[in-house]
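For the sequence shown, our numbering begins at 91 and goes up steadily by one.
The beta-carbon is built from N, C-alpha and C at its ideal position, and this holds for glycine as well.
Notes follow the structure.
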Amino acid sequence: MILSGKGWRILLCDLELACSLRVMDSPRAVPGAGAADITSPGSLLPPYGAIVGVVLHLFVYFVALLYSYAEQLFTEKSDRKVKKQDAPTPCERRCCKEGPIRNGHVGQRPPSINPERLKDFGEEDYLNGDVKTWEMKIVSRNEELLRDALVPVTQPNSRSSQPTSNKLIRFEDISAAAFKIQSGVQKTPCMYSRLSKQYGMDIYLKKEFLQYTGSVKERGVLYLLTSLQQEQQKKGVIVASDSNFSMAVAYHASELRIPVFVIMSTSTSPARVKMCREYGALVISYGTTAKDSQIHARRLAQENGYLYLEEEDSAIYLSGLGTMGLEIYEQVPKLDAVIFPAGGHCGLLAGSAAALKHLNPHIAVIGVESESFPVLQQSLKIGHPIEDQACSNHQFYGDVSGPCFGTNSLQLTGKLVDKVVTVREEDILISMLRLLEFERATVDAEGAIGLAALIAGKLPELKSKRVAITVCSGNLELPLMRQCIDRALTLDNRVCKFSLLLSDCPGAISKLLEILTREEVRVLDIKQEHMFVISDLFTIKVTCIIETRDKIHTAQLRNALLERYPTMMWMER
Numbered sequence: 091m092i093l094s095g096k097g098w099r100i101l102l103c104d105l106e107l108a109c110s111l112r113v114m115d116s117p118r119a120v121p122g123a124g125a126a127d128i129t130s131p132g133s134l135l136p137p138y139g140a141i142v143g144v145v146l147h148l149f150v151y152f153v154a155l156l157y158s159y160a161e162q163l164f165t166e167k168s169d170r171k172v173k174k175q176d177a178p179t180p181c182e183r184r185c186c187k188e189g190p191i192r193n194g195h196v197g198q199r200p201p202s203i204n205p206e207r208l209k210d211f212g213e214e215d216y217l218n219g220d221v222k223t224w225e226m227k228i229v230s231r232n233e234e235l236l237r238d239a240l241v242p243v244t245q246p247n248s249r250s251s252q253p254t255s256n257k258l259i260r261f262e263d264i265s266a267a268a269f270k271i272q273s274g275v276q277k278t279p280c281m282y283s284r285l286s287k288q289y290g291m292d293i294y295l296k297k298e299f300l301q302y303t304g305s306v307k308e309r310g311v312l313y314l315l316t317s318l319q320q321e322q323q324k325k326g327v328i329v330a331s332d333s334n335f336s337m338a339v340a341y342h343a344s345e346l347r348i349p350v351f352v353i354m355s356t357s358t359s360p361a362r363v364k365m366c367r368e369y370g371a372l373v374i375s376y377g378t379t380a381k382d383s384q385i386h387a388r389r390l391a392q393e394n395g396y397l398y399l400e401e402e403d404s405a406i407y408l409s410g411l412g413t414m415g416l417e418i419y420e421q422v423p424k425l426d427a428v429i430f431p432a433g434g435h436c437g438l439l440a441g442s443a444a445a446l447k448h449l450n451p452h453i454a455v456i457g458v459e460s461e462s463f464p465v466l467q468q469s470l471k472i473g474h475p476i477e478d479q480a481c482s483n484h485q486f487y488g489d490v491s492g493p494c495f496g497t498n499s500l501q502l503t504g505k506l507v508d509k510v511v512t513v514r515e516e517d518i519l520i521s522m523l524r525l526l527e528f529e530r531a532t533v534d535a536e537g538a539i540g541l542a543a544l545i546a547g548k549l550p551e552l553k554s555k556r557v558a559i560t561v562c563s564g565n566l567e568l569p570l571m572r573q574c575i576d577r578a579l580t581l582d583n584r585v586c587k588f589s590l591l592l593s594d595c596p597g598a599i600s601k602l603l604e605i606l607t608r609e610e611v612r613v614l615d616i617k618q619e620h621m622f623v624i625s626d627l628f629t630i631k632v633t634c635i636i637e638t639r640d641k642i643h644t645a646q647l648r649n650a651l652l653e654r655y656p657t658m659m660w661m662e663r
């Protein structure tokens with residue numbers, strides 16, 4: 091073994107120290123001492139002691155070197171053993187590419203996280219995209235997935251070019267999604283509503299319309315975008331619609347520095363186009379219909395390497411939407427029922443039902459869809475999604491009127507949802523009016539359809555119960571909002587129209603106005619007509635549009651007018 095320069099310096103120092111000790115310990119010359127005294131055996135002991143000390147120092151030094159070298163060899167051997175154990179086998183490498191094996195089905199899913207251990211995870215530990223993991227899990231047939239959920243069915247035709255995971259989500263998937271998106275979306279309030287006394291139950295409104303883009307779709311979109319590979323994030327994503335999903339993709343992709351392109355038809359409202367551009371997306375107007383825009387978007391994605399995204403029922407997207415169910419359960423204790431919008435796009439209903447039923451199987455999960463387009467009810471009845479039913483009023487119904495887009499959502503809904511009811515368009519309009527008056531919330535049909543089920547009296551079993559209603563969308567355009575509110579006031583018997591015949595003489599109209607003033611009604615419009623009146627020559631037809639407080643006030647006004655003008659014609663709605 092060869093000593094380093096430092097080792098030789100240590101040895102020289104030891105030798106110098108030994109020599110100095112020898113000199114100090116040697117006996118001094120005493121006058122008169124004999125030669126025998128100087129050469130006695132005792133005077134030679136200090137030099138031998140110094141040499142022995144040096145030898146001991148060398149021995150300890152070599153022992154330390156040998157111990158250090160042996161420890162290093164042992165550590166390297168242990169590291170090689172651990173790496174050999176952790177390295178993926180050829181089967182695991184194949185499973186890593188194709189996704190974990192699950193009941194004989196290959197698919198991708200986010201890594202499972204135990205909810206109790208979420209607090210132990212740091213942000214960098216779980217969210218770092220550079221970390222590579224291998225996971226292979228064989229699940230036996232008797233494993234309980236979301237309380238005996240059905241076995242997933244693979245979709246033959248994928249609606250998106252993104253690789254999807256056609257499997258039923260688990261509670262751990264939803265918990266992982268909640269952990270990952272907690273800093274990117276709002277934790278919206280679930281507040282007690284003043285409508286509770288009016289409908290005889292404790293109503294809590296989950297105000298998801300307070301998200302940045304005004305829709306709950308942000309939850310699923312953010313989790314979907316953050317789950318993309320870094321290479322795909324650099325290339326970009328593309329969508330082709332003017333829905334809440336596209337708005338959420340435009341905003342969150344821009345926030346994540348992902349290039350995003352939105353293809354919209356030329357019939358899209360200018361307000362939607364402007365809003366999407368303000369979110370940071372590159373908006374391209376193409377085609378006269380939504381189908382033309384989708385074909386163009388797919389072609390651009392294929393030519394340029396973009397990922398074409400379309401709302402679907404992948405496990406990642408459903409897990410993100412299901413995080414709202416976790417929040418509702420946390421915010422409102424002792425819940426009896428939760429009401430969600432349904433329709434063809436029932437991902438929110440399915441994902442939230444998975445979370446709620448896992449936490450408390452006794453909570454009733456109820457879906458509500460339009461009576462004109464009962465897509466979900468029909469799909470559940472025949473056992474597979476219906477895609478050929480089109481909506482003629484997409485501008486009003488929005489995502490509620492879309493086709494049923496996946497078997498995963500449909501199977502989760504059929505297994506976990508307790509009830510699906512339908513409501514009329516009139517009920518939805520009145521619900522929008524109630525939310526505007528009592529909650530100061532401007533919502534669209536998707537946001538108001540849950541409360542519409544209570545207004546229509548479709549859920550009498552919820553009387554005196556604690557009920558949460560999801561108000562999940564507030565993207566209502568201004569012109570459409572005016573039309574909806576005017577129609578809702580008419581349906582609620584608060585805007586009325588009547589006509590009557592008066593003599594064409596001074597003071598006739600003023601007497602009518604005196605009656606209206608006495609009854610404390612507000613006149614919105616009044617007009618008189620001469621030319622097309624089929625009656626006496628000196629008779630005019632007066633038509634009035636008035637606003638009242640409620641139905642009782644309207645009935646009082648009608649009786650007062652009939653008493654004074656028996657020929658009055660009341661326009662029924």
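In this structure, DSSP gives Gln-301 a state outside helix and strand, which the three-state scheme calls coil.
For Gln-301, the closest of Arg-362, Met-291, Leu-312, Asp-292 by C-alpha to C-alpha distance is Leu-312. Distance check between Ser-355 and each of Ile-518, Gln-384, Leu-346, Glu-610 places Gln-384 closest, using alpha-carbon atoms only.
The segment 318-329 and the segment 383-397 touch, with no fewer than 3 CB-CB distances between them shorter than 8 Å. Straight-line spacing of the CA atoms in Ile-353 and Leu-470 works out to 32 Å. Under the three-pair Cβ rule at 8 Å, the segment 630-646 counts as touching the segment 605-618. Per DSSP, the beta bridge partners of Ile-559 are Leu-295, Ile-429. Here Phe-588 really is in contact with Met-659; their C-beta atoms are around 6 Å apart, less than 8 Å. Taking a C-beta distance under 9 Å as the contact criterion, Leu-502 and Ile-259 qualify as a contact pair.
When C-alpha distances from Glu-604 are compared across Gln-573, Leu-651, Cys-562, the shortest belongs to Leu-651.
In the DSSP assignment, Leu-568 falls within the alpha helix (DSSP H) that extends over 568-581. When DSSP assignments are scanned along the segment 372-446, the uninterrupted stretches of alpha helix (DSSP H) that are 4 or more residues long and fall wholly within it turn out to be 380-394, 405-421. Rounded to whole angstroms, the separation of the alpha carbons of Thr-358 and Asp-332 is 7 Å. Straight across, the Cα-Cα distance linking Gly-370 with Lys-548 is about 42 Å.
When DSSP states are grouped into helix, strand and coil, Gln-322 belongs to the helix group. Residue state for Met-522 is assigned as helix, using DSSP reduced to three classes. With distances taken between CA atoms, Glu-400 lies nearest to Gly-437 out of Asn-649, Gly-437, Ser-593. DSSP places Val-144 within a helical segment (H, G or I) once states are collapsed to three. Burial state of Val-150 is exposed, judged by a 10 Å Cβ sphere holding fewer than 16 other Cβ atoms. Nearest C-alpha to Lys-509 among Gln-467, Val-363, Val-153, Ala-154: Gln-467. Contact annotation: Thr-560 and Lys-296 have beta-carbon atoms nearer than 9 Å.
Note on geometry: alpha-carbon atoms of Ser-344 and Val-350 lie some 7 Å from one another. Residue nearest to Glu-461 within the set Val-513, Phe-152, Tyr-655, Ala-454 is Val-513 (criterion: CA-CA distance). Annotated three-state conformation of Lys-307 is helix, per DSSP. For Gln-618, there is no enclosing alpha helix (DSSP H); the residue is found in the beta strand (DSSP E) stretching over 612-619. Excluding the 5 residues flanking it on each side, Asp-534 has same chain C-beta neighbours closer than 7 Å at Gly-488, Ser-563, Gly-564, Asn-565, Leu-566, in chain order.
Around the beta carbon of Thr-303, a 10 Å sphere encloses 16 or more other beta carbons of the protein chains shown; the residue is thus reported as buried. Apart from sequence neighbours up to five positions away, the residues of its chain that approach Ile-456 with a beta-carbon distance below 8 Å are Ala-427, Val-428, Ile-429, Phe-430, Val-507, Asp-508, Lys-509, Val-510, Val-511, Ala-543, Leu-549, ordered along the chain. About 4 Å separates the CB atoms of Leu-411 and Gly-310; that is less than 8 Å, so the two are in contact.
If you draw a straight line from the Cα of Asn-583 to the Cα of Ala-546, it comes to about 16 Å. DSSP places Lys-631 in the strand class (E or B) of the three-state scheme. In the three-state reduction of the DSSP assignment, Met-365 falls in the helix class, which pools H, G and I. Rounded to the nearest angstrom, the Cβ distance from Thr-278 to Glu-298 is 5 Å, consistent with a contact under 8 Å. Taken through DSSP and simplified to helix, strand or coil, Phe-588 comes out as strand. The C-alpha of Glu-653 lies about 29 Å from the C-alpha of Asp-576.
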